[in-house]
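Residue numbers in the sequence shown follow full-length UniProt numbering, run continuously in steps of one, and reach 169 at the last position.
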Amino acid sequence: MKKIAIIGSPGSGKSTLAKLLEQKTSLPTYHLDSLFWSKNWEKPSKEKWIKLQKDLIKLPAWIIDGNYNSTLELRTSAADTIIFLDYPTYLCTYRVLKRMLINYRKSSPDLGDNSERINLKIIIFVLLFKRRNRDRILNLLDKESTKKVFILKNKNDLKEFIAKVNKIG
1 MKKIAIIGSP
11 GSGKSTLAKL
21 LEQKTSLPTY
31 HLDSLFWSKN
41 WEKPSKEKWI
51 KLQKDLIKLP
61 AWIIDGNYNS
71 TLELRTSAAD
81 TIIFLDYPTY
91 LCTYRVLKRM
101 LINYRKSSPD
111 LGDNSERINL
121 KIIIFVLLFK
131 RRNRDRILNL
141 LDKESTKKVF
151 ILKNKNDLKE
161 FIAKVNKIG
């Protein structure tokens with residue numbers, strides 16, 4: 001495990017898992033949300049966004065967390081390990097709402113130092129994530145037969161995965 005891509009719905013725990021794996025593996029971690037958003041919620045151009053990720057995946061080792069569908073295949077094709085957090089919609093929605101309320105108007109490095117806000121678009125995105133994205137992600141993962149692919153659906157799956165990582169050392 002030298003190049004790890006963590007994907008899933010907002011609120012699935014991608015960044016939390018990335019931080020945990022960083023502690024256990026000492027691999028550098030890149031949170032796509034913090035790289036995507038600039039001050040005042042400005043987005044990079046498509047070209048800049050793709051170049052940034054192409055530069056990241058050339059590095060010898062990394063953990064990259066984030067879903068960003070437009071560049072998902074770029075990361076999964078370069079990864080040796082792919083972790084899909086396929087958690088229930090209700091759990092992801094709850095976590096996103098909780099994060100929005102607890103961190104409301106607080107600055108966050110994960111958001112390009114923008115303040116957390118109540119964002120209906122994100123809530124709707126989470127509610128529709130499985131319907132719109134799950135099949136595509138699973139089909140993509142089916143094509144990655146030479147890689148370690150982990151599909152974690154609940155807390156027990158996560159515990160088992162962490163136990164495997166602990167054994168690897």
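Where is the CB? At the ideal position from N, CA and C, for every residue including glycine.
Reducing DSSP to helix, strand and coil, say where residue i ends up.
i, result
"residue 81", "strand"
"residue 49", "helix"
"residue 160", "helix"
"residue 90", "helix"
"residue 107", "strand"
"residue 64", "strand"
"residue 38", "strand"
"residue 155", "helix"
"residue 2", "coil"
"residue 43", "coil"
"residue 7", "strand"
Rounded to the nearest angstrom, how far is the Cβ of residue i from that of residue j, given a contact under 8 angstroms?
i, j, result
"residue 80", "residue 3", "5 angstroms"
"residue 122", "residue 96", "6 angstroms"
"residue 154", "residue 90", "With 8 angstroms as the limit, residue 154 and residue 90 do not qualify as a contact, their Cβ atoms being about 12 angstroms apart."
"residue 78", "residue 28", "Actually they do not touch by this definition, with Cβ atoms about 14 angstroms apart."
"residue 85", "residue 17", "7 angstroms"
"residue 148", "residue 1", "7 angstroms"
Going by alpha carbons, who is nearest to residue i out of the options?
i, options, result
"residue 143", "120, 92, 82", "82"
"residue 58", "148, 68, 75, 134", "75"
"residue 7", "61, 71, 156", "71"
"residue 35", "19, 117, 64", "64"
"residue 46", "155, 146, 69", "69"
"residue 128", "9, 24, 27", "9"
"residue 21", "12, 5, 145", "5"
"residue 138", "163, 30, 73", "73"
"residue 30", "39, 24, 19, 101", "19"
"residue 38", "26, 159, 107", "107"
"residue 32", "118, 25, 51", "51"
"residue 101", "156, 93, 118", "118"
"residue 12", "24, 42, 99", "99"
"residue 134", "24, 93, 67", "67"
"residue 152", "162, 146, 145", "162"
Have a look at the DSSP bridge pairing and note the partners of residue i.
i, result
"residue 143", "Beta-bridge pairing links residue 143 to no other residue."
"residue 148", "81"
"residue 16", "DSSP, once it has assigned bridges, lists no residue as partnering residue 16."
"residue 76", "Bridge partners of residue 76: none, in fact."
"residue 29", "63"
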